[in-house]
Amino acid sequence: GQNIDQPTEMTATEGAIVQINCTYQTSGFNGLFWYQQHAGEAPTFLSYNVLDGLEEKGRFSSFLSRSKGYSYLLLKELQMKDSASYLCAVRGVGNNRKLIWGLGTSLAVNP
Amino acid sequence: ETGVTQTPRHLVMGMTNKKSLKCEQHLGHNAMYWYKQSAKKPLELMFVYNFKEQTENNSVPSRFSPECPNSSHLFLHLHTLQPEDSALYLCASSQAVLSGGASTDTQYFGPGTRLTVL
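Read top to bottom, the protein sequences are chains A and B.
Per my numbering, the first sequence runs over residues 3 to 113.
Per my numbering, the second sequence runs over residues 833 to 950.
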């Protein structure tokens with residue numbers, strides 16, 4: 003089967019660093035996406051990894067290890083506005099390029 | 833502003849009603865998607881259109897009928913829905929994936945329509 007696992011909820015403090023993990027078991031792999039979704043709003047694209055390593059984009063970084071089926075999203079200098087759900091999605095290969103989505107991790111940033 | 837708009841934002845309908853959801857993208861994309869998002873469940877892909885042609889129907893009940901008149905517009909026609917169809921319906925668009933193409937086809941989402949079926 004195909005499966006994406008993320009923690010359901012996380013809590014962190016304003017100004018701190020938080021790491022949100024995502025593990026996947028899929029029949030093929032052609033990239034991993036992270037999206038941010040505030041309550042009642044559209045998911046917004048954060049990052050895309052297809053090769054192993056760390057991709058840094060401002061306060062957000064995303065890491066991928068294909069051999070381990072593992073990714074994480076690192077959020078630095080947390081702000082209250084970072085309170086949101088973070089969705090991990092893996093894309094299949096060949097003709098099946100559908101995204102397989104995790105349930106999302108609800109992050110609460112406290113003052 | 834992600835360049836993808838959806839109307840209405842909220843919709844309450846009875847099980848015998850007929851309604852339509854509308855999605856419009858201003859990103860120059862050629863692929864459009866309908867997703868269903870329910871509590872405690874991952875995003876469920878419903879339909880995919882590439883260059884106005886439906887390329888994916890993820891075993892969606894016939895009471896949901898999509899329509900894609902052009903690459904910028906996507907509709908979801910609703911008829912005789914059930915209470916369990918209550919959910920957030922999200923539209924997304926991306927570059928179309930051509931055979932052998934190298935596009936990352938990142939999907940960009942609209943704000944969704946919150947549907948409640950009574």
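For every residue, glycine included, the Cβ atom is placed at its ideal position computed from N, Cα and C.
Keep in mind the model is a prediction, meaning the values are calculated, not measured.
Check	Outcome
Residue span of the beta strand (DSSP E) that contains residue 55 of chain A, given as start and end	55-59
Neighbourhood of residue 842 of chain B by C-beta, 6 angstroms cutoff - its chain only, sequence neighbours within 5 removed	946
Beta carbon proximity, residue 942 of chain B to chain A, threshold 9 angstroms	yes
Cut-off 6 angstroms between Cβ atoms - residues of its own chain near residue 35 of chain A, not counting five sequence neighbours on either side	50 and 91
Cut-off 6 angstroms between Cβ atoms - residues of its own chain near residue 52 of chain A, not counting five sequence neighbours on either side	33
8 angstroms contact criterion, which residue 924 of chain B and residue 867 of chain B should meet: CB distance rounded	7 angstroms
Chain A contact residues for residue 938 of chain B, given Cβ-Cβ distances below 8 angstroms	35, 47 and 50
Residue 65 of chain A burial status per 10 Å Cβ neighbour count (16 or more: buried)	buried
C-alpha distance - residue 917 of chain B paired with residue 29 of chain A, whole-angstrom precision	29 angstroms
Contact between the stretch 896-913 of chain B and the stretch 15-22 of chain A (3+ Cβ pairs under 8 angstroms)	no
Residue 943 of chain B - DSSP class collapsed to helix/strand/coil	coil
Closer than 7 angstroms at the beta carbon, the chain B residues around residue 41 of chain A	Those do not exist, as residue 41 of chain A stays about 11 angstroms from chain B at its closest Cβ, beyond 7 angstroms.
Exposed unless 16 or more other CB atoms sit within 10 angstroms - verdict on residue 69 of chain A	exposed
6 angstroms Cβ shell around residue 865 of chain B - same chain, five flanking residues per side excluded	880 and 924
Start and end residues, beta strand (DSSP E) containing residue 837 of chain B	836-839
Any chain A beta carbon closer than 9 angstroms to residue 872 of chain B	yes
Alpha carbon of residue 882 of chain B to alpha carbon of residue 871 of chain B, nearest angstrom	28 angstroms
Selected residue, minimal CA-CA separation from residue 23 of chain A, among A/104, A/110 and A/40	A/104
Cut-off 6 angstroms between Cβ atoms - residues of its own chain near residue 844 of chain B, not counting five sequence neighbours on either side	948
Three-state secondary structure assigned by DSSP to residue 9 of chain A	coil
Status (buried if at least 16 other CB within 10 Å, exposed otherwise) for residue 95 of chain A	exposed
Cβ shell of residue 100 of chain A (< 6 angstroms), same chain only, five flanking positions each side left out	94
Cross-chain neighbours of residue 104 of chain A in chain B, by beta carbon under 8 angstroms	874
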